[in-house]
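The next block holds one structure in the form of C-alpha cells; read it before the comments.
Residue numbers (the working numbering): 207 to 511.
This is the structure we're talking about:
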C-alpha cells in the first residue's frame, strides 16, 4: 500500500487554508483531483468519518518479468520514507535558495545605500569647497576695496596739505574718489568697525548667556551668507520681523538689528519686514560682515578687551 498521488498545487492550497495534510490528501484522492471546491465539499460531507485524518493508502503494483507483483508493507514503508526524504530535501533546497536570494538582496541594498551615502558626502564636500571659494573671493575683493580706499584717502590728505603724492597711482586714484565722495555714505572699512562694535555690544550685554550669544552669531551668519551666495534670490533678502525665532535670536538682542541694517537691510511695509534691495547688495560689505562674524565666533577674546 502507498499514499496515492494527488495534485501537489491543490494540496498546498488546501494546507494553506488550514486543512491537515492527511485530510487534504484524502479529499483530493476521493474527489478525483478535480478542483479545490470538490475537495472541500468532500471534506464537509465526510468530516465525521473516523478515518478522516488518516492518510489514505492504495495498492501499488510493480511490473516484473514474470507478471505483476504487489509491494509488501515493509517495501511500502521504505518507499514512503524515501518520498519523505525527497520532499524534505526539496524543501531544504528551496529554503536555501530563498536564503541566498535574501542575502543577495541585503548585499545589493547595502551597496546602494553606501553609494548613495558616498554621493551625498561628495556633493557636500563640493558644496563646502565652493562656499569657501566664494567667501575667499569676497574677502579678497573686500580687502582690495578697503586698501584702495585707504590709498585714496591718504593721497587726498597729502594733496590737501600740499604734499606731493608718494605714488603717481595714488594721485590718479584720488581724483575719482573725490568725484564719487558724495554718493558713498559709509565705506566698507567704516562699516566693518561699526559691525564689530555691534557684535561686541551684543556679547557684552548678554555675557551671562554664552549659548544665546553663539546662537545669535550663527543666525546672523546664515542670513548674511545666504544673501552673499544668492544675491538674486529675494527670499534670502527679506526677513519677517514677526518671526518668533528671529525675535528670540536677533531682534531682542542689543546690536542684532543694527548689524543687519549695516549690511544693507531696511524696514518696509509698516515695519513688518527687513528687506535688502537687490541694487543695494554690496559684496564688500557682506564680506566684511562675514569676516566680523567669523572672528566673533572663533576668537575667544572677542568683546572682552
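A virtual CB, placed ideally from N, CA and C, is assigned to each residue, including glycine. None of these values were measured; they are calculated from a predicted model.
In whole angstroms, what is the alpha-carbon distance linking residue 230 and residue 324?
Counted from its first residue, the chain shown places residue 230 at position 24. Counted from its first residue, the chain shown places residue 324 at position 118. Approximately 55 Å, taken between the alpha carbons.
Around the C-beta of residue 462, are 16 or more other C-beta atoms found within 10 angstroms, so that it is buried, or is it exposed?
Along the chain shown, read from residue 1 onward, the residue named residue 462 stands at position 256. Classification of residue 462: buried, given that the 10 Å Cβ count is 16 or more.
Measure the alpha-carbon distance for residue 349 versus residue 423 and round it to whole angstroms.
Counted from its first residue, the chain shown places residue 349 at position 143. Counted from its first residue, the chain shown places residue 423 at position 217. Going by the C-alpha atoms only, they are around 22 Å apart.
Is it buried or exposed for residue 507, if we count other Cβ within 10 angstroms and need 16 for buried?
As a position in the chain shown, residue 507 is number 301, starting the count at 1. Counting Cβ neighbours within 10 Å, residue 507 comes out exposed, since fewer than 16 surround it.
Please look up how many angstroms separate the CB atoms of residue 212 and residue 239, rounded, as I've assumed it's under 8 Å.
Taking the chain shown and counting its residues from 1, one reaches residue 212 at position 6. Taking the chain shown and counting its residues from 1, one reaches residue 239 at position 33. Yes, residue 212 and residue 239 are in contact; Cβ-Cβ is about 6 Å, under 8 Å.
If I measure Cβ to Cβ from residue 491 and keep anything under 7 Å in the same chain, skipping five residues before and after, which residues do I get?
Reading the chain shown from its first residue, position 285 is the one you call residue 491. Counting only Cβ-Cβ distances below 7 Å, and skipping sequence neighbours, we find 394, 397, 469, 470.
Going by DSSP in three states, residue 459 sits in which element: helix, strand or coil?
The residue you call residue 459 lines up with position 253 of the chain shown. Residue 459 falls in the coil class under three-state DSSP.
I'd like to check one pair, residue 419 with residue 496: are the Cβ atoms closer than 8 Å?
Position 290 of the chain shown, counting from 1, holds the residue named residue 496. Position 213 of the chain shown, counting from 1, holds the residue named residue 419. No, Cβ-Cβ distance for residue 496 and residue 419 is not below 8 Å.
Taking residue 233 and residue 261 to be in contact with their CB atoms under 8 Å, please state how far apart those CB atoms are, rounded to whole angstroms.
Against the chain shown, residue 233 aligns to sequence position 27. Against the chain shown, residue 261 aligns to sequence position 55. Between residue 261 and residue 233 the Cβ distance is about 12 Å, and since that is not below 8 Å, they are no contact.
Could you check how far apart the C-beta atoms of residue 220 and residue 245 are, in whole angstroms? I think they sit under 8 Å.
Working through the chain shown from its first residue, we reach residue 220 at position 14. Working through the chain shown from its first residue, we reach residue 245 at position 39. That belief holds up - the Cβ atoms of residue 220 and residue 245 are roughly 6 Å apart, short of 8 Å.
From residue 311 to residue 209, what does the alpha carbon distance come to, in whole angstroms?
Translated into positions along the chain shown, residue 311 becomes position 105. Translated into positions along the chain shown, residue 209 becomes position 3. Those two C-alpha atoms are separated by around 39 Å.
According to the neighbour-count rule (16 or more other Cβ atoms, all chains shown, within 10 Å of its Cβ), is residue 498 buried or exposed?
In the chain shown, the residue the question calls residue 498 occupies position 292. Result: buried.
Roughly how many angstroms lie between the CA atoms of residue 436 and residue 460, to the nearest whole one?
Along the chain shown, read from residue 1 onward, the residue named residue 436 stands at position 230. Along the chain shown, read from residue 1 onward, the residue named residue 460 stands at position 254. Spanning the two alpha carbons is a distance of roughly 27 Å.
What are the boundary residues of the beta strand (DSSP E) that includes residue 446?
Position 240 of the chain shown, counted from the first residue, corresponds to residue 446. First-last of the beta strand (DSSP E) with residue 446: 444 to 446.
Indicate whether residue 322 and residue 401 have their beta-carbon atoms separated by less than 8 Å.
Residue 322 sits at position 116 when you count from the first residue of the chain shown. Residue 401 sits at position 195 when you count from the first residue of the chain shown. Against a cut-off of 8 Å, the Cβ pair of residue 401 and residue 322 comes out as no contact.
Give a yes or no on whether the minimum CB-CB distance between residue 450 and chain D is below 8 Å.
No chain D is part of this structure, which consists of one protein chain only.
Compare the Cα-Cα distances from residue 216 to each of 242, 451, 235, 237 and report the closest residue.
Along the chain shown, read from residue 1 onward, the residue named residue 216 stands at position 10. Checking every option, the nearest Cα to that of residue 216 belongs to 242.
First through last residue of the alpha helix (DSSP H) which encompasses residue 214
Locating residue 214 in the chain shown gives position 8, counting from the first residue. Where residue 214 is concerned, the enclosing alpha helix (DSSP H) stretches over 214 to 222.
If we call anything under 8 Å between Cβ atoms a contact, is residue 481 one with residue 444?
By 1-based counting over the chain shown, the position of residue 481 is 275. By 1-based counting over the chain shown, the position of residue 444 is 238. Contact flag set, yes.
Using DSSP with H/G/I as helix, E/B as strand and the rest coil, what is residue 473?
Taking the chain shown and counting its residues from 1, one reaches residue 473 at position 267. Reduced to three states, the DSSP call for residue 473 is strand.
With a threshold of 7 Å, establish whether the CB of residue 302 neighbours any heavy atom of the ligand FAD.
Among the components of this structure there are no ligands whatsoever, and the ligand FAD is therefore not found.
The alpha helix (DSSP H) enclosing residue 427, as first and last residue numbers:
Numbered from 1 along the chain shown, position 221 holds the residue referred to as residue 427. Residue 427 -> alpha helix (DSSP H) spans 416 to 435.
Since residue 446 and residue 478 should fall inside the 8 Å C-beta cutoff, what is the C-beta to C-beta distance between them, to a whole number of angstroms?
Position 240 of the chain shown, counted from the start, is the residue given in the question as residue 446. Position 272 of the chain shown, counted from the start, is the residue given in the question as residue 478. Contact flag correct, Cβ pair sits at about 7 Å.
Leaving out the 5 sequence neighbours to the left and right, which residues in its chain are closer than 7 Å to residue 236 when beta-carbon positions are compared?
Counting from one through the chain shown, the residue named residue 236 turns up at place 30. Closer than 7 Å at Cβ, skipping near neighbours: 248.
Would you mind reading off the limits of the beta strand (DSSP E) that contains residue 480?
Residue mapping note: residue 480 aligns to position 274 of the chain shown, counting from 1. It spans 479 to 481 - the beta strand (DSSP E) in which residue 480 sits, taken as one unbroken run.
Residue 226 versus 411, 258, 286, 501, residue with shortest Cα-Cα distance:
As a position in the chain shown, residue 226 is number 20, starting the count at 1. Minimum Cα distance to residue 226 is reached at 258.
Cβ-Cβ distance between residue 406 and residue 425 below 8 Å
One-based indexing of the chain shown puts residue 406 at position 200. One-based indexing of the chain shown puts residue 425 at position 219. No, Cβ-Cβ distance for residue 406 and residue 425 is not below 8 Å.
Would you tell me roughly how many angstroms separate the C-alpha atoms of residue 296 and residue 326, rounded to the nearest one?
Residue mapping note: residue 296 aligns to position 90 of the chain shown, counting from 1. Residue mapping note: residue 326 aligns to position 120 of the chain shown, counting from 1. Residue 296 and residue 326: Cα-Cα distance of roughly 45 Å.
So what's residue 439 in DSSP terms, helix, strand or just coil?
The sequence position of residue 439 within the chain shown is 233, counting from 1. Residue state, collapsed to three classes: coil.
Name the residue from 473, 404, 485 whose alpha carbon lies nearest to the alpha carbon of residue 438.
Sequence index remark: in the chain shown, residue 438 carries index 232 (1-based). The shortest C-alpha separation from residue 438 is found at 485.
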